[in-house]
Amino acid sequence: MNKLEKFRAVDTAFPNIGQQKLLLFSAAAAITSVPMRKGCIVANQKMLKFVNVDRDMPTKRAPDLRKQDFEEIYSEYAAVKAEEQSSRCSQCGVPYCQSHCPLHNNIPDWLRLTAEGRLREAYDVSQATNTFPEICGRICPQDRLCEGNCVIEQSGHGTVTIGSVEKYITDTAFENGWVKPISPSAERAESVGIIGAGPGGLAAADMLRRQGIQVTVYDRYDRGGGLLTYGIPGFKLEKDVVMKRMDQLEAGGIEFRLNCNVGEDLSFDAIRGKHDAVLIATGVYKTRALQAPGVGAEGVVRALDYLTASNRKSFGDDVEEFDSGALNAEGKRVVVIGGGDTAMDCVRTAIRQGATSVKCLYRRDKANMPGSQREVQNAEEEGVEFVWLSAPKGFTGDAVEGVMVQKMRLGAPDPTGRQMPELIEGSDYIEDADLVVQALGFEPEDLPKLWGVNGLEVTRWGTVKANYGTGETSLDGVYAAGDIVRGASLVVWAIRDGREAAEAIMSYLSNTASVAAE
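Under the working numbering, the letters of the sequence shown match residues 598 to 1115, in that order.
Structure, rendered in structure tokens:
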């Protein structure tokens, strides 16, 4: 390919980017070694290979195989393949992948380092902005965030496989012993209590401990990780991945008080009295329940109860409600109500438990589902049937026998521009079911009442009212981060909130120490 042909290829791929064409021409010219004049060869370019290297995801196990177990469905990249796919990055001057990542990860930098085989440095760059890259690489909805905004995706070349490379980098770091326990350069006397061992609380704990702060994390469950451990199935996030990170945090000096229900086993005031600052990172665990006839029938269950039982079994725990069949889909006709990622977790779990049929009811169409389209595709491949434009009206039977379904259509848009579902009169029917899982989202618990604390302000939605960017609440020295502030959201947002709250707490502790010294 001569220089003119290279320019035309770039011009065809990027018809509307004006002056950037010259830059892209230069990049395209560097993709292969091209003799420019006698005795002069252009050096090989490690990056910008999207022109002649196609997007290639890690191998995905066949549906018939993967639905028999709870192992992750994607295999790991080999080193050569990770380098190849990383080399497709266009090294944008304004990287939209980075700006659309809540953590603003330095994605082009660690892609380049991976392409050059400098994995130790790639991990250091990745870890600098993200406390848990091995987790985000697995469960972030990259199709809506970094990958969905990749510049070469917009040009039709297919996005860089950012999530898979991120997972590969950190898994390699663990295998090679590069992930070390936290070792602060100096210890400090101040202590911080963190309520909640989910991603937001753990991210804050990591940041604070690196500064030498004494950190204690309180959590109601018997294992840390929050929804990472008990809410997300193993086929998306295998539990040894979470436990390895928990071990690393504990080895770094973070103390965990598990099986501790604040408000019952230990009061909030007692935690405040023990520590110099407190971070509330409880997440939101209250299920948004249906209000419909028969909703209390046996066999109509909450998504979190269902997923927690399944995940506990994966740890080898004794789970009475699973063993009795109450939270086990084996041999049952399962209907899941909802259209988010939790609903996708439930339908795909039911498939693996051996349900005879699995259907997902959603009141809008596929294009308007809030969940990841990648997860919808995986569910369809595994045999889940989606019943679009359908909403539950009630349930039949003392032990559930069916869901009364009313058909919907999309009507006029709401103030956000999203079309509102409207009832189609006379379209009701019964969907047979032995197990119905409600996956309609989560709401915050009433913490002031639950903990018996006065002065902790909440919003009209029940979330803790906190300052944007710092997490500072109405109580002195008390901060909040993650879903308990913003409502049910993504793990990556909780990590960002936890890191920002940790920075604010450090400023608070430093100011307090300065005042005391004066």
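Ideal placement from N, C-alpha and C gives every residue a C-beta, glycine not left out. It should be emphasised that the depicted structure is a prediction, and the values quoted were computed from it without experimental measurement.
### Task
Check whether the region 779-799 touches the region 871-887, taking contact to mean three or more Cβ pairs, one atom from each stretch, closer than 8 Å.
Yes: at least three Cβ pairs fall under 8 Å.
### Query
When you compare only the Cα positions, how much space is there between C637 and K646?
To locate residue 637, count along the sequence shown from 1; it is residue 40. To locate residue 646, count along the sequence shown from 1; it is residue 49. With a pLDDT of only 45 at C637, under 50, the local geometry of the prediction cannot be trusted, and the value read off the model is given with reservation. Spanning the two alpha carbons is a distance of roughly 22 Å.
#### Entry: Alpha-carbon to alpha-carbon, T884 and E917
Numbered from its first residue, the sequence shown carries residue 917 at position 320. Numbered from its first residue, the sequence shown carries residue 884 at position 287. C-alpha separation (whole angstroms): 21 Å.
### Query
In three-state terms, what does DSSP make of Q950?
On the sequence shown, residue 950 is found 353 positions in, with the first residue counted as 1. Helix, per DSSP.
### Task
List the DSSP bridge partners of A874.
As a working mapping, residue 874 is identified with position 277 in the sequence shown. Answer is V789.
### Query
Residue range of the beta strand (DSSP E) that A988 falls in?
The residue given as residue 988 occupies position 391 in the sequence shown. Here the beta strand (DSSP E) through A988 covers S987 to T993.
### Distance, I829 Cα to P1041 Cα
Start at 1 with the first residue of the sequence shown, and residue 1041 comes out as number 444. Start at 1 with the first residue of the sequence shown, and residue 829 comes out as number 232. Approximately 19 Å, taken between the alpha carbons.
### Task
Using the Cα positions of T726 and I704, report the straight-line distance between them to the nearest angstrom.
Counting from one through the sequence shown, the residue named residue 726 turns up at place 129. Counting from one through the sequence shown, the residue named residue 704 turns up at place 107. The straight-line gap from Cα to Cα measures roughly 10 Å.
### Query
Can you give the Cα-Cα distance for P738 and L1047, rounded to whole angstroms?
Your numbering for residue 738 matches position 141 in the sequence shown. Your numbering for residue 1047 matches position 450 in the sequence shown. Going from the Cα of P738 to the Cα of L1047 covers about 33 Å.
### Query
Assuming C689 and V748 make a contact with CB atoms under 8 Å, what is their CB distance in whole Å?
By 1-based counting over the sequence shown, the position of residue 689 is 92. By 1-based counting over the sequence shown, the position of residue 748 is 151. Right, the Cβ-Cβ distance comes to about 5 Å (below 8 Å), so this counts as a contact.
### CB-CB length for V984 against S954, believed under 8 Å
Counting from one through the sequence shown, the residue named residue 984 turns up at place 387. Counting from one through the sequence shown, the residue named residue 954 turns up at place 357. That pair is no contact at about 11 Å.
### Inter-residue Cα distance where the pair is V1082 and E772
For the purposes of this step, residue 1082 is taken as residue 485 along the sequence shown, with counting starting at 1. For the purposes of this step, residue 772 is taken as residue 175 along the sequence shown, with counting starting at 1. The alpha-carbon separation between V1082 and E772 amounts to approximately 36 Å.
### Task
Measure the Cβ-Cβ separation of E1028 and V997 and say whether it is below 8 Å.
For the purposes of this step, residue 1028 is identified with residue 431 of the sequence shown, where counting begins at 1. For the purposes of this step, residue 997 is identified with residue 400 of the sequence shown, where counting begins at 1. It is not a contact, given that the beta carbons lie outside the stated cut-off.
### Best match in L958, D1073 and L1007 for proximity to G870 [C-alpha to C-alpha]
To locate residue 870, count along the sequence shown from 1; it is residue 273. The shortest Cα separation from G870 among L958, D1073 and L1007 belongs to D1073.
### Query
Whose C-beta lies closer than 8 Å to the C-beta of R709 among residues of the same chain, with five residues either side of it excluded?
The residue labelled residue 709 in the question sits at position 112 within the sequence shown. If we look at R709 and ignore the five residues flanking it on each side, its Cβ neighbours are K643, M644, S683, C686 and Q688.
### Message
If you measure between the beta carbons of V892 and A886, is that distance less than 8 Å?
### Response
Working through the sequence shown from its first residue, we reach residue 892 at position 295. Working through the sequence shown from its first residue, we reach residue 886 at position 289. Their beta carbons are under 8 Å apart, which means V892 touches A886 by this criterion.
### Query
Whose C-alpha, out of A1101, F832, K777 and R717, is nearest the C-alpha of L662?
Numbered from its first residue, the sequence shown carries residue 662 at position 65. Considering only alpha carbons, the answer is F832.
### Cβ pair P967, A889 closer than 8 Å
For the purposes of this step, residue 967 is taken as the residue at position 370 of the sequence shown. For the purposes of this step, residue 889 is taken as the residue at position 292 of the sequence shown. In this structure, A889 does not lie closer than 8 Å to P967 by Cβ.
### Query
Distance, Cα to Cα, Y1076 vs D995?
The residue given as residue 1076 occupies position 479 in the sequence shown. The residue given as residue 995 occupies position 398 in the sequence shown. Whole-angstrom Cα-Cα distance: 45 Å.
### Task
Could you tell me which residues DSSP pairs with F853 in its beta bridges?
Position 256 of the sequence shown, counted from the start, is the residue given in the question as residue 853. DSSP, once it has assigned bridges, lists V814 as partnering F853.
### Message
Count Cβ pairs between the region 750-759 and the region 772-788 that sit closer than 8 Å; are there 3 or more?
### Response
The region 750-759 is not in contact with the region 772-788.
### Message
Strictly under 8 Å for the Cβ-Cβ distance: is C743 near chain B by that measure?
### Response
Looking for chain B here will not work: only one protein chain is present.
### Paired residues, beta bridge with R1006 - DSSP
Along the sequence shown, one-based indexing puts residue 1006 at 409. Among the bridge pairs identified by DSSP, R1006 is matched with E1019.
### Task
Could you tell me how far apart the beta carbons of A1078 and A1098 are, in whole angstroms, since I believe they sit closer than 8 Å?
The residue labelled residue 1078 in the question sits at position 481 within the sequence shown. The residue labelled residue 1098 in the question sits at position 501 within the sequence shown. Confirmed, Cβ separation roughly 4 Å.
### Query
Do T939 and A1036 have their C-beta atoms within less than 8 Å of each other?
As a first step, residue 939 is located in the sequence shown; it is residue number 342 there, counting from the start. As a first step, residue 1036 is located in the sequence shown; it is residue number 439 there, counting from the start. Taking 8 Å as the Cβ cut-off, T939 and A1036 qualify as a contacting pair.
### Task
For the beta strand (DSSP E) holding L825, just list the boundary residues, first then last.
Here residue 825 refers to the residue found at position 228 when the sequence shown is read from its first residue. Careful: L825 lies outside any beta strand (DSSP E), inside the alpha helix (DSSP H) at L824 to Y827.
### Task
Within the same chain, show all residues whose beta-carbon is closer than 7 Å to that of M843, passing over the 5 residues directly before and after it, in chain order.
Position 246 of the sequence shown, counted from the start, is the residue given in the question as residue 843. The residues are G821 and G822.
### Task
Alpha carbon to alpha carbon, how far is T769 from L1044? Give it in angstroms, no decimals.
Stepping through the sequence shown from its first residue, residue 1044 is reached at position 447. Stepping through the sequence shown from its first residue, residue 769 is reached at position 172. About 41 Å.
### Task
Just the C-alpha distance for E978 and M1017, rounded to the nearest angstrom, thanks.
Walking along the sequence shown from the start, residue 978 turns up at place 381. Walking along the sequence shown from the start, residue 1017 turns up at place 420. Each residue's Cα considered, the two are about 29 Å apart.
### Task
Output the distance between the C-alpha atoms of R1096 and N1064, rounded to the nearest integer angstrom.
Within the sequence shown, numbered from 1, the residue matching residue 1096 stands at position 499. Within the sequence shown, numbered from 1, the residue matching residue 1064 stands at position 467. Cα-Cα distance, rounded: 14 Å.
### Message
My output table needs one value for R807: the three-state DSSP class, helix, strand or coil.
### Response
The residue labelled residue 807 in the question sits at position 210 within the sequence shown. DSSP places R807 in helix when its eight states are reduced to three.
### Task
Could you tell me whether the region 904-917 touches the region 1054-1071, using the rule of 3 or more Cβ pairs below 8 Å?
no
#### Entry: Same chain only: Cβ atoms within 8 Å of R1006, ignoring 5 sequence neighbours per side
As a working mapping, residue 1006 is identified with position 409 in the sequence shown. L986, P1018, E1019 and I1021, listed in sequence order.
### Task
For the beta strand (DSSP E) holding V984, just list the boundary residues, first then last.
The residue given as residue 984 occupies position 387 in the sequence shown. First-last of the beta strand (DSSP E) with V984: E982 to V984.
### Query
Considering only residues of the same chain and omitting the five flanking positions on each side of Y1026, which have a CB-CB separation below 7 Å?
The residue you call residue 1026 lines up with position 429 of the sequence shown. Once the five neighbours on either side are set aside, the close Cβ partners of Y1026 are V1002.
### Task
Identify the continuous alpha helix (DSSP H) that holds L662 and give its terminal residues.
For this step, residue 662 is matched to residue 65 along the sequence shown. Unbroken alpha helix (DSSP H) run through L662: P660 to R663.
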